[in-house]
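Working notes, beginning with the structure itself.
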Amino acid sequence: MSKQNISTSFVPKEERTCWICLSSEVDGDPTSLWSRPCRCRGALKWVHQMCLHRWISEQQHNRGESEPISCQICNAKYMIVYPDCGFLYNILQSVDQLTRSLSFILTGGIIFGSFYWSAVTYGAVTVMQVYGHRQGLQAMRLTDPPLLLLGLPTIPLCLILAKTIQWESRLLVLWRNRISRLPFIQLFRRKDLPTWPVRNVEIELRSELSDIPRLVCSALALPTISTILGQLLFKRVQSATRRVLLKLITG
1 MSKQNISTSF
11 VPKEERTCWI
21 CLSSEVDGDP
31 TSLWSRPCRC
41 RGALKWVHQM
51 CLHRWISEQQ
61 HNRGESEPIS
71 CQICNAKYMI
81 VYPDCGFLYN
91 ILQSVDQLTR
101 SLSFILTGGI
111 IFGSFYWSAV
121 TYGAVTVMQV
131 YGHRQGLQAM
141 RLTDPPLLLL
151 GLPTIPLCLI
161 LAKTIQWESR
171 LLVLWRNRIS
181 RLPFIQLFRR
191 KDLPTWPVRN
201 VEIELRSELS
211 DIPRLVCSAL
221 ALPTISTILG
231 QLLFKRVQSA
241 TRRVLLKLIT
251 G
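Residues in the sequence shown are numbered from 1 upward in steps of one, following full-length UniProt numbering.
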């Protein structure tokens with residue numbers, strides 16, 4: 001009998017390698033669980049479950065939990081199923097969402113309240129500067145509280161709005177177009193003045209954004225400056241209100 005050589009071919013076991021941490025079954029943790037989450041083949045089809053969970057968490061942190069997560073190679077979308085976290089977790093999640101929504105409202109209310117009470121304080125100080133300390137306090141005590149709370153914040157607002165209106169430019173346009181042509185104004189004009197028509201130049205009434213801080217500061221400082229200069233220039237006038245008005249009239 002002739003002996004036949006029977007050659008047996010052994011198929012080596014596939015060595016799994018994680019495509020995230022690049023560790024294999026040999027040099028990695030033998031207790032780690034492996035998974036094939038997508039359609040990738042070859043060296044990219046195996047991944048540690050722990051590495052995959054961490055990678056998905058990082059992707060959700062960068063993109064958001066609502067965005068679908070897919071494989072970077074085959075573009076297969078992962079179907080992520082979360083375990084039931086229980087009733088207590090759902091309550092905490094609802095409270096967290098409610099707190100996040102209310103925080104925007106509370107922040108807006110705090111900012112608005114800060115501006116409002118600052119305007120009320122400024123209005124009260126302005127009233128005491130214009131009327132005098134005692135007379136201003138007495139006038140505010142005799143005023144109804146709702147009317148006082150509505151009227152005092154409008155003082156800085158009216159000052160800023162009055163400062164934004166370039167009344168001198170508008171007055172110049174009115175003088176050129178209307179007032180200077182009146183008959184009784186013509187009587188006071190000199191006869192030797194030139195009679196050629198004056199070209200009306202368009203006056204730019206818009207202010208730049210860089211002028212807004214200067215405009216606001218000058219408007220809010222106007223009552224204080226008028227009070228100080230009124231006390232220095234019109235000492236003989238007893239009324240504080242008249243001193244302020246005289247300073248405003250004289251410029």
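A virtual CB, placed ideally from N, CA and C, is assigned to each residue, including glycine.
For residue i, the first and last residue of its enclosing alpha helix (DSSP H)
i    : result
M128 : 87-131
T227 : 212-233
CB contact flag (residue i, residue j, <8 Å)
i           : j    : result
K163        : S218 : yes
L220        : Y131 : no
P37         : Y82  : no
C85         : C51  : no
residue 261 : W46  : There is simply no residue 261 to check, as the chain begins at 1 and stops at 251 in what is shown.
W34         : H53  : no
P213        : T126 : no
I73         : C40  : yes
M140        : L148 : yes
Euclidean distance between Cα positions of residue i and residue j
i           : j    : result
I20         : P68  : 19 Å
residue 270 : F87  : Since the first residue of the chain shown is 1 and the last is 251, residue 270 is not available in this structure.
L205        : S169 : At L205, the pLDDT of 48 sits below 50, so the modelled position is not reliable; the number obtained from the coordinates is stated separately. Using only the alpha carbons, I get a separation of about 8 Å.
L171        : L152 : 29 Å
A124        : T143 : 12 Å
I44         : P30  : At residue 44 the sequence reads Leu, which differs from the Ile that was named. Going from the Cα of L44 to the Cα of P30 covers about 19 Å.
F115        : H133 : 24 Å
R100        : I228 : 49 Å
V95         : I165 : 49 Å
Y89         : S66  : 19 Å
P145        : V120 : 12 Å
N62         : G136 : 59 Å
W167        : S118 : 28 Å
P175        : L232 : Reading the sequence as shown, one finds Trp at residue 175 and not Pro. Rounded to the nearest angstrom, the two C-alpha atoms are 33 Å apart.
L98         : E25  : 47 Å
Cβ-based burial, residue i [other Cβ within 10 Å; buried from 16]
i    : result
L159 : buried
L91  : The question names Leu, yet the displayed sequence has Ile at residue 91. It counts as exposed.
L157 : exposed
Q129 : buried
I111 : exposed
G230 : buried
I155 : buried
F109 : At residue 109 the sequence reads Gly, which differs from the Phe that was named. By the 10 Å Cβ count, G109 comes out exposed.
G113 : exposed
G42  : exposed
G64  : exposed
Hey, which unbroken runs of the alpha helix (DSSP H) at 4 residues or more fall wholly within the UniProt domain "RING-CH-type" (10-81)? 49-63
Inside the segment 145-176 only - alpha helix (DSSP H) runs reaching at least 4 residues: 145-151, 154-164
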